[in-house]
Amino acid sequence: MGIFYEEGKRIFYLTTKQTLYQMVVEEKGYLLHTYYGERADGEDFSYLITRYDRGFSGNPNSAEGDRTFSLDALPQEFPSLGAADYRTTGLELTNGDGSFAFEGIYEGHKIYSGAYKPEGMPGLKPEKDEDVQSLEITLKDVASGVKLILCYTVFEEKDVIMRAARLQNDSHETITVTKLSSVSLDFLESGYDLIHFDGRHAMEREMHREPLGFGARQFGSVRGTSSHQSNPFFILCQRGADEDRGDCYGFSLIYSGNFQFTAEKDQYDQTRVTMGIHPYQFSWQLRSGESFATPAVALAFSSEGLTGLSHLYHDLYRRNLSSSPFLKKRRPVLINSWEAAYFDLDHDSLVKMAKEALPMGVNLFVLDDGWFGRRDNDDKALGDWEVNTKKLPKGLSGLAEEINALGMEFGLWVEPEMVSEDSELYRAHPDWCLSVPGRKGARGRFQMVLDLSRKEVQDFILDVMDRLLADANITYIKWDMNRSLTDVYSRARGKEEQGTVFHRYVCGLYRILEELTGKWPQVLFEGCSGGGGRFDAGMLAYHPQIWCSDNTDAINRLKIQYGTSFGYPISAMGAHVSVCPNHQTGRVVPLKTRGITAMSGTFGYELDPTKLTEEEKKECGELTRKFDCYYDLIFYGDYYRLTNPYEEGEGFMAWEFADKEKKEALVSIVITDKEPNDAQRYLRLKGLKRDAKYRVEGLDLIVSGQALLKAGIPVPRELHEYDSVQFHLTEQ
Ligand code: GLA
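Below you can see the structure in the form of structure tokens.
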């Protein structure tokens, strides 16, 4: 298990509980990738690589007379550049002499215990008492001296390998890196499907699956954030793979900025995947002796279908990504003021809302946008983080005290990365935002983006946050970010450094969040970017939960949360019950269904409780009690997708939580489309023991696991469109 190097054959074996990852250094020193998949102990997979003379696939000089050795066809661990490999490359650079070549030849390696730490960025870390091993392999371009270091940390128990890369300029001249992927992975065959999660504001992470055809399929973001439009999580799976069966590979980039994912099927029916920082406006000069490190990718393989793969990521991100105590500590049930009040708020009405929310089981009151400066709408005041005493005469501390006196905690919304043109901050420091001299920059929601690549700007934000957190008893922060980046130019840097600004922005943000969350461990941070525009593993390292979407319509949320669940745990998905007609879609959905949907997430409320009827408030109280009672199942159990909303026909969506021992489960069903006199549908359950008996509460049934797994339960026919039901199962 772990990492083993077989000296004689120069083979690297990276073994986890269920998988093997293998590379071999061939005679000339090229590092070839031989295998990644189900575990096969002691096997040398280099026999799979066949060589033959292939037309127009050139040969490196070191191959001498051997026309069968071509990097254009061989599976490489990380492709060289300019060495007759015409497929997607993970590395682009310009050497000191203007040439573009890098021919990576094995120089050496080291194996050590502990995890690799990507410089200035989050990475995976071992849990307490978890042993992990790391490997760094150095490939050297002999002509220039430039080195590429490939980094691997093997999380045996988690069946995950973290990969990253570092470029070290050991040449005597300055070089310019214009692309460096975190990962490149070659497969000897094709026949894969690619699953990606794309969307738009208020409709994020819609799942799309397609057969991977010839050519390169490329995805990514150039918005400065991971974005609503694409997500840095991808799955490559066998064509026939489904939720329960088939080989699936997951690629999850632990990074919150521009990214690029490419999957290419080449002329010989082979597949190459690369993933890392997007090369768009990326250019990084390295003087002699300097290095550049990429963010990390969490790479996982499961032969147990998409569910098996999702479970690996759920467990990993619940345990190995963040140091937040809130991964183990119970999260609050919150009520958020945004859809209740928007910008129209005052002390008394907020306290009244909190009071009314008490019997609903809420224990955290969150004050959203509108509390500071002259923030009466979204065109001003970002940057002026002083409380508006007209709205809140007792200040944040006075408001927090009154909320606390009710027995509730107090939380606050901030958007510290931004500045409004109409703000004191902008008037004082116009050069603190990203903008190109001599050009009028593009606006997004009337706001400009602060230049987080600058240390003084990072320090300003840290100061603001420290002051706010010290001023009032705040135990929750919603950290928002409401526009895509444009005019990415830093006034503090010379022209040769402008190509570093996108990445430095993200690193600046990480520095702020690292310091802030370290200093205020009692504060729960929830990430947000116009809803789910920055829902990625990088942010999850600091924010144990992220607001999934600005769309709170329960029926749309079913799809959004479904897509999100492939790569991220349910405990990470911010989900609230809001009012009907829904503010985004106008749809009317029963309160129970809104509750059940929000229970497939962190659960909370986004409404004005003073406008609810007594009956509705009582029902909310019951929903919260249910959530409280199923909390452990939802936050720590295994999650199963029982239906696929992108398949025709069934008219309902269902999912299930089961505890790790398979003693208890919670099944939720929502009717999404109803026709009269329709067929009886059955729902097969998952995650149960075949030979155990289960009581199905709600159906008044005791039945074997085998029956529930194989035949399922009838979906209740009396449910109308948008109705829902939950069944709780306990082993007898
Ligand atoms: C973003 C968030 C919302 C809300 C508003 C406030 O759109 O996603 O939840 O906080 O900003 O302006």
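In this note's numbering, the protein residues as written are 4 to 735.
A virtual CB, placed ideally from N, CA and C, is assigned to each residue, including glycine.
To the nearest angstrom, how far is the alpha carbon of residue i from that of residue j?
| i | j | result |
| --- | --- | --- |
| Tyr642 | Ala219 | 33 Å |
| Arg378 | Thr613 | 24 Å |
| Arg494 | His432 | 11 Å |
| Phe655 | Pro717 | 12 Å |
| Glu517 | Glu659 | 34 Å |
| Ser568 | Lys332 | 21 Å |
| Gln79 | Gly117 | 26 Å |
| Asp425 | Glu619 | 41 Å |
| Phe48 | His586 | 57 Å |
| Gln548 | Ser325 | 11 Å |
| Leu330 | Gln525 | 12 Å |
| Gly61 | Asp75 | 7 Å |
| Arg334 | Leu197 | 35 Å |
| Ile472 | Leu512 | Reading the sequence as shown, one finds Leu at residue 472 and not Ile. Spanning the two alpha carbons is a distance of roughly 18 Å. |
| Asp318 | Leu348 | 40 Å |
| Gly604 | Met484 | 21 Å |
| Leu94 | Phe81 | 9 Å |
| Pro679 | Ile599 | 24 Å |
| Lys689 | Lys665 | 10 Å |
| Gly577 | Leu399 | 24 Å |
| Leu395 | Leu402 | 7 Å |
| Glu10 | Arg560 | 53 Å |
Between which two residues does the beta strand (DSSP E) harbouring residue i extend?
| i | result |
| --- | --- |
| Ala266 | Phe262 to Lys268 |
| Cys154 | Lys150 to Phe158 |
| Met451 | Gln450 to Val452 |
| Ile523 | In the sequence as displayed, the identity of residue 523 is Trp instead of Ile. From DSSP, Trp523 is part of no beta strand (DSSP E); its letter is neither H nor E. |
| Gln548 | Gln548 to Trp550 |
| Gln221 | Gly218 to Ser224 |
| Glu207 | Met206 to Pro214 |
| Ala301 | Ala299 to Ser305 |
| Tyr649 | Taken as a continuous stretch (DSSP letters only), Tyr649 belongs to no beta strand (DSSP E), as it is neither H nor E. |
| Glu499 | Unbroken run through Glu499: none, as it is neither H nor E. |
| Leu17 | Ile14 to Thr18 |
Take residue i and list the residues in its own chain whose beta-carbon comes closer than 6 Å to its own, dropping the five residues that flank it on each side.
| i | result |
| --- | --- |
| Ile140 | His112 and Leu153 |
| Val422 | Leu385, Gly386, Leu428, Tyr429, Cys436, Met451 and Leu453 |
| Glu293 | Asn172 |
| Arg698 | Ile705, Thr733 and Gln735 |
| Arg322 | Glu130 |
| Ile674 | Phe655, Leu722, Glu724 and Asp726 |
| Thr3 | Look at the range of the chain in this structure, 4 to 735, and you will see that residue 3 is not part of it. |
| Trp388 | Phe375 and Val467 |
| Glu41 | Ser306 |
| Met26 | Phe15, Leu34, His36 and Glu80 |
List the endpoints of the continuous alpha helix (DSSP H) containing residue i.
| i | result |
| --- | --- |
| Leu669 | Premise fails: Leu669 lies in the beta strand (DSSP E), Glu667 to Ile674, not in any alpha helix (DSSP H). |
| Asp631 | Glu617 to Tyr639 |
| Thr567 | Ala557 to Ser568 |
| Ala475 | Careful: Ala475 lies outside any alpha helix (DSSP H) and carries neither H nor E. |
| Glu359 | His350 to Ala360 |
| Asn172 | Element bounds for Asn172: n/a, residue is neither H nor E. |
| Trp341 | Trp341 to Ala344 |
| Ile599 | Leu594 to Ala601 |
| Glu418 | It is not in any alpha helix (DSSP H) - Glu418 carries neither H nor E in the DSSP assignment. |
Compute every distance between the C-beta of residue i and the non-hydrogen atoms of the ligand HEM, then say whether any falls below 7 Å.
| i | result |
| --- | --- |
| Asp556 | As presented, the structure is devoid of the ligand HEM, carrying the ligand GLA as its sole ligands. |
Take residue i and list the residues in its own chain whose beta-carbon comes closer than 8 Å to its own, dropping the five residues that flank it on each side.
| i | result |
| --- | --- |
| Arg496 | Ser456, Thr503 and Val504 |
| Lys713 | Arg687 |
| Gly701 | Val728, Gln729, Phe730 and His731 |
Could you name the residues of the same chain whose beta carbon sits closer than 7 Å to that of residue i, not counting the 5 residues immediately before and after it, in chain order?
| i | result |
| --- | --- |
| Gln232 | Asp201, Gly202, Arg203 and Ser224 |
| Leu636 | Phe660, Asp662, Glu667 and Leu669 |
| Cys510 | Gly123 and Met124 |
| Pro584 | Arg590 and Val591 |
Can at least three beta-carbon pairs, one atom from the region 277-285 and one from the region 173-191, be found at a separation below 8 Å?
yes
Touching or not, the region 259-275 and the region 203-219, by the rule of three or more beta carbon pairs under 8 Å?
yes
With three or more beta-carbon pairs closer than 8 Å as the criterion, would you say the region 621-629 touches the region 362-371?
Two segments are said to touch when three or more pairs of C-beta atoms, one from each, lie closer than 8 Å; by this definition the region 621-629 touches the region 362-371.
So does the region 247-256 actually touch the region 464-477, counting three or more Cβ pairs closer than 8 Å?
Counting Cβ pairs under 8 Å, fewer than three are found: no touch.
Would the region 531-548 and the region 201-209 be scored as touching if the rule is three or more Cβ pairs under 8 Å?
Result yes; three or more Cβ-Cβ pairs closer than 8 Å.
Count the CB pairs spanning the region 300-307 and the region 519-532 that are closer than 8 Å, and state whether there are at least three.
no
With three or more beta-carbon pairs closer than 8 Å as the criterion, would you say the region 475-486 touches the region 403-413?
yes
State whether the region 239-249 contacts the region 543-558, with contact taken as three or more CB pairs (one from each stretch) at a distance under 8 Å.
no
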